[in-house]
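A.B. asks: In the working numbering, the protein residues as written are 231 to 455.
Ideal Cβ placement from N, Cα and C applies to all residues, glycine included.
All values reported here derive from a predicted model rather than from experimental measurement.
#1: If the criterion is Cβ atoms closer than 8 Å, does the pair residue 288 and residue 310 meet it?
#2: Who are the near neighbours of residue 415 in its chain, counting only those whose CB is closer than 6 Å to its CB and skipping five residues on each side?
#3: How many whole angstroms separate the CB atoms of residue 409 and residue 359, which I take to be in contact at a CB cut-off of 8 Å?
#4: If you compare alpha carbons, which of 294, 344, 331, 251 is closest to residue 321?
#5: Would residue 241 and residue 270 qualify as a contact pair, given that the criterion is a beta-carbon distance under 8 Å?
#6: Do residue 258 and residue 312 have their C-beta atoms within less than 8 Å of each other?
#7: I'd like to check one pair, residue 379 with residue 353: are the Cβ atoms closer than 8 Å?
#8: Quick one: using the 10 Å Cβ neighbour count with 16 as the cut-off for buried, is residue 361 buried or exposed?
#9: Under a Cβ-count criterion, where at least 16 other Cβ atoms within 10 Å of its own Cβ denotes burial, should residue 438 be classed as buried or exposed?
#10: List the endpoints of the continuous beta strand (DSSP E) containing residue 242.
#11: Would a C-beta distance cut-off of 8 Å place residue 337 and residue 398 closer than the cut-off?
#12: Let me confirm a value: residue 435 is counted as buried when at least 16 other C-beta atoms fall within 10 Å, else exposed. Which label applies?
#13: Pull the bridge partners of residue 403 from the DSSP assignment, please.
#14: For residue 373, I'd like the list of residues in its chain whose CB is within less than 6 Å of its CB, leaving aside the five on either flank, ordered along the chain.
#15: Run the CB neighbour count on residue 279, radius 10 Å, all protein chains shown included, and call it buried at 16 or more, exposed below.
#16: Using the DSSP secondary-structure output, state which residues sit across from residue 305 in a beta bridge.
#17: Under the DSSP definition of a beta bridge, which residues are partnered with residue 314?
#18: To the nearest angstrom, how far is the alpha carbon of residue 331 from that of residue 285?
#19: Using the C-alpha atoms, what's the distance from residue 252 back to residue 341?
#20: Could you pull out every unbroken alpha helix (DSSP H) segment of at least 4 residues lying fully inside the segment 333-371, listed in chain order?
#21: Would you list the one or two residues that DSSP bridges to residue 260?
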């Protein structure tokens, strides 16, 4: 199996779904998971526990339930062998249609600008799940959550400039994702690069670390270009 990364989508085999559905879920959670199994919908890779040297503790996965099932976050664990394949949340261009109408034109302009920078933008959160499942997630208070694949500091700065210039009436949140899977919230990156803070929270598969300027520079492999 390829190396895991936060925000990846895990598609499960039928045996894995049977194991999940045999668990002690309440009626609402079971109905949601049954729908996911029946429609072969994916789960998202979340933060993992540190690997155990002597046993396989499986992969931590999650699901944000749609409005029909109370918008509940569901957490579960699946054996590595239960994952058939991995994919990604939809690209921004594919998910604009599920976002609030007043944001469509600004998002199209943002997508074009990011494409010109060779930056891939994927939509997760409520808009991403709605595009994937066809179920109702987005509401009037929904933000738009993006993760942007960047190859280093310069491209991250360019992507943030594009986000800051976007005139979307809907708030855009999300993360810059570097080649090794390390991620930083784009607003936090902007504040750090502008000198408004001396630390930045770096999120990784097995946890997060608050890195100071010196620590980031000393371990710049994850964000160097």
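C.D. replies: In short, the structure shows the following:
#1: In this structure, residue 310 lies closer than 8 Å to residue 288 by Cβ.
#2: Within its own chain, the residues whose Cβ lies closer than 6 Å to the Cβ of residue 415, once the five positions on either side in sequence are excluded, are 405, listed in chain order.
#3: Contact doesn't hold; Cβ gap of about 26 Å is too wide.
#4: Residue 321 has its Cα closest to that of 344, out of 294, 344, 331, 251.
#5: In contact: residue 241 and residue 270 (Cβ atoms closer than 8 Å).
#6: It is not a contact, given that the beta carbons lie outside the stated cut-off.
#7: No, the pair does not count as a contact, with Cβ atoms beyond the cut-off.
#8: Around the C-beta of residue 361, 16 or more other C-beta atoms lie within 10 Å, and the residue is accordingly described as buried.
#9: Under this definition residue 438 is an exposed residue.
#10: In the DSSP annotation of this structure, the continuous segment of the beta strand (DSSP E) that includes residue 242 starts and ends at 239-242.
#11: Here residue 337 is near residue 398, since their CB atoms are less than 8 Å apart.
#12: Residue 435 is buried by the Cβ-count criterion.
#13: Answer by DSSP bridge pairing, in chain order: 375.
#14: A distance below 6 Å between beta-carbons, with the five flanking residues on each side excluded, links residue 373 to the following residues of its chain, in chain order: 401, 403.
#15: Classification for residue 279: exposed.
#16: Residue 305 is bridged to 292.
#17: The partner list for residue 314 (beta bridge, DSSP) is empty, contrary to what the question assumes.
#18: Cα-Cα distance, rounded: 49 Å.
#19: Those two C-alpha atoms are separated by around 42 Å.
#20: With a minimum length of 4 residues, the continuous alpha helix (DSSP H) runs that stay inside the segment 333-371 are 334-346, 355-363.
#21: When DSSP reads this structure, residue 260 sits in no beta bridge, so it has no partner.
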